[in-house]
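For reference, the structure discussed in these notes is given below.
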Amino acid sequence: MSALTVREKLAILSDAAKYDASCASSGSAKRDSLKSGGIGSTEGMGICHSYAPDGRCISLLKILLTNFCIYDCSYCINRSSSNVRRARFTVDEVVKLTMDFYRRNYIEGLFLSSGVIRSPDETMGEMVEVARRLRLDEKFGGYIHLKTIPESSAELVEKAGLYADRLSINVELPTDEGVKRLAPEKKPETIRLSMARLRQKMEEKAEPTLKTKKRERFAPGGQSTQMIVGADKTSDDGILHASARLYGSYHLRRVYYSAFSPIPDSSSSLPLQKPPLMREHRLYQADWLMRFYGFSQPEILAGSNDGMLDLAIDPKLAWALRNRGLFPVDVNSAEREALLRVPGLGTKVVAKILETRRHRRMRLEDLGRLCQSIAKLRPFIIAEGWSPGALTDKAGLRGKIVQSCEQLSLF
């Protein structure tokens, strides 16, 4: 068999990396302006988009070092028993690709993951070497995210933190039972131990040294993880419970949710159909309620019959409809915590409300200028000149809000 070119490797290993959601990426379909007669070709190979906390879109080269793997996880397209085309980059090739793309302003950083070949330490060692050479030899100042391997040595993970902006370790599935059943070669306790060590090392490096009085640079972007949704029967409440535990125990910056995608020749223990993508979206919304809106995990789905998020409406609206006794909220006097629980009010809008009402009382039309839509707001707030009356307790309120918020067709 002839050796693969770098371009062929890039096509294989960027496609294999698309299943990892840990950089919040969205790919691009391949289009060729030379054939269509238009402008604006995109390759759809390797370049994805991640979003910074301040909303900036960051282009990343997202690839696997290799899709060879010694593990046989049932849900993974790159498992050892999978009949897929295999490829492997050398360290030199990854460094050169990254720098070539960076110099052409195609990317602002690198997201590097890998299957495990030969041993966790050998694979992790090559990934660390890529990051080391980029930082020290090439003076690369862009963003680097490394997906670390739980079974690799603590020394290698520590070296990775010296060069990478963010490290992540996948928990794979929401429950230990799911991991043991679908990925029996991986040990949940090993994954948690690696995450705990990484948290401890980050805390150590965050303390100023006695000599320099400065903090050492060590994975300043923190650590994140990913769990697959829909590969087992864990409910949304169970998934959020697992996320809350991870946030509390390991101080993660982010838990990513990746909807299970059926793969060729898959195990009979896996579902035949993928879960709706809206389920993944609702989990992210619920995750934000825990991280930014002051909701505890148990209360998000408290009162739900099946422990599943409502796919038709967002989690905050669903919670408000189950807790109507807490509404309406007076926007001119309520505390920030109460305002954050009002459907349709985001953190930025709440901040503007608190600032504006210091100078004058707010009316419904004032809120309309701050929010994209006030359809969700009306039943849950009191404003100057506005009271919902019996609307808050109306039996058909859910259906009315859903209908008013439906996006109109363009045609």
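Residues in the sequence shown are numbered consecutively from 1, following UniProt numbering.
Ideal Cβ positions, reconstructed from N, Cα and C, are used throughout, including at glycine.
{"Item": "Beta strand (DSSP E) runs contained entirely in the stretch 99–181, provided each spans 3 or more residues", "Value": "109–113, 143–147 and 166–168"}
{"Item": "Residue range of the unbroken beta strand (DSSP E) whose run includes Gln-223", "Value": "223–229"}
{"Item": "Proximity winner among Thr-90, Lys-213, Val-342 and Asp-306, relative to Glu-122 (alpha-carbon distances)", "Value": "Thr-90"}
{"Item": "Beta-bridge partners of Glu-62, as assigned by DSSP", "Value": "Correcting the residue identity first, residue 62 is Lys in this sequence and not Glu. Bridge partners of Lys-62: Phe-111."}
{"Item": "Cβ-Cβ separation, Ser-224 to Arg-253 (assumed contact under 8 Å), whole Å", "Value": "5 Å"}
{"Item": "Between the CA atoms of Pro-184 and Asn-78 - distance to the nearest angstrom", "Value": "15 Å"}
{"Item": "Lys-9 versus Arg-88 - alpha carbon distance", "Value": "7 Å"}
{"Item": "Supposed close pair Ser-59, Glu-93 - CB separation, criterion 8 Å", "Value": "Going by Cβ atoms, the distance from Ser-59 to Glu-93 rounds to 20 Å, so no, they are not a contact pair."}
{"Item": "Where Ala-236 falls, given that 16 or more other Cβ within 10 Å makes a residue buried", "Value": "The amino acid occupying residue 236 in the given sequence is Asp; Ala does not appear at that position. By the 10 Å Cβ count, Asp-236 comes out buried."}
{"Item": "Minimum C-alpha distance to Ala-351 - residue among Glu-335, Ser-50 and Lys-147", "Value": "Glu-335"}
{"Item": "Cβ neighbour criterion (16 or more within 10 Å) applied to Cys-73", "Value": "buried"}
{"Item": "Identity of the residues DSSP links to Ile-12 by a beta bridge", "Value": "According to DSSP, Ile-12 bridges with nothing at all."}
{"Item": "8 Å Cβ cutoff met for Gly-142 and Leu-97", "Value": "no"}
{"Item": "Limits of the beta strand (DSSP E) - the one that Ala-259 falls within", "Value": "254–259"}
{"Item": "C-beta contact flag for Tyr-75 and Ile-239 at 8 Å", "Value": "no"}
{"Item": "3-residue-minimum beta strand (DSSP E) runs that sit fully inside the stretch 283–325, ordered along the chain", "Value": "none"}
{"Item": "Outcome for Leu-246 when other beta-carbon atoms lying within 10 angstroms are tallied against a minimum of 16", "Value": "buried"}
{"Item": "Backbone CA spacing between Ala-302 and Ile-313 [nearest angstrom]", "Value": "16 Å"}
{"Item": "Meets three-Cβ-pair contact criterion under 8 Å: the stretch 288–305 and the stretch 258–274", "Value": "no"}
{"Item": "Nearest residue (CA-CA) to Phe-140, options Leu-173, Ser-119 and Val-95", "Value": "Val-95"}
{"Item": "Reduced DSSP secondary structure (H/G/I, E/B, other) of Glu-43", "Value": "The predicted model places Glu-43 with a pLDDT of 47, which falls under 50 and marks its position as unreliable, so this point remains unresolved."}
{"Item": "Residues that DSSP places opposite Glu-384 in a beta bridge", "Value": "Arg-363"}
{"Item": "Nearest residue (CA-CA) to Gly-46, options Asn-83, Tyr-106 and Phe-68", "Value": "Tyr-106"}
{"Item": "Spatially closest choice to Gln-200 from Asp-20, Arg-360, Ala-219 and Pro-276, by CA coordinates", "Value": "Ala-219"}
{"Item": "Cβ shell of Arg-282 (< 8 Å), same chain only, five flanking positions each side left out", "Value": "Asp-236, Leu-309, Asp-310, Leu-311, Asp-314 and Pro-315"}
{"Item": "Other residues of its chain near Arg-378: CB distance less than 8 Å, five sequence neighbours each side excluded", "Value": "Leu-364, Trp-386, Pro-388 and Leu-391"}
{"Item": "Identified DSSP bridge partners for Asp-330", "Value": "Ile-382"}
{"Item": "Cα-Cα separation between Asn-83 and Asp-265, rounded to whole angstroms", "Value": "8 Å"}
{"Item": "Cα-Cα separation, Glu-204 to Lys-187", "Value": "26 Å"}
{"Item": "Beta-carbon contacts of His-251 that lie in its chain and below 6 Å, excluding the five residues immediately before and after", "Value": "Arg-199"}
{"Item": "Cβ-based burial, Asn-67 [other Cβ within 10 Å; buried from 16]", "Value": "buried"}
{"Item": "Closest residue to Leu-277 among Ser-261, Asp-287 and Trp-288 (Cα-Cα distance)", "Value": "Ser-261"}
{"Item": "For Ala-338 and Arg-324, the rounded distance between their alpha carbons", "Value": "13 Å"}
{"Item": "Selected residue, minimal CA-CA separation from Ile-382, among Ser-333, Leu-321, Lys-394 and Leu-354", "Value": "Ser-333"}
{"Item": "Cβ shell of Leu-173 (< 7 Å), same chain only, five flanking positions each side left out", "Value": "Val-179, Leu-182, Met-227, Ile-228, Ala-231 and Asp-232"}
{"Item": "Cα-Cα separation, Gly-396 to Trp-288", "Value": "27 Å"}
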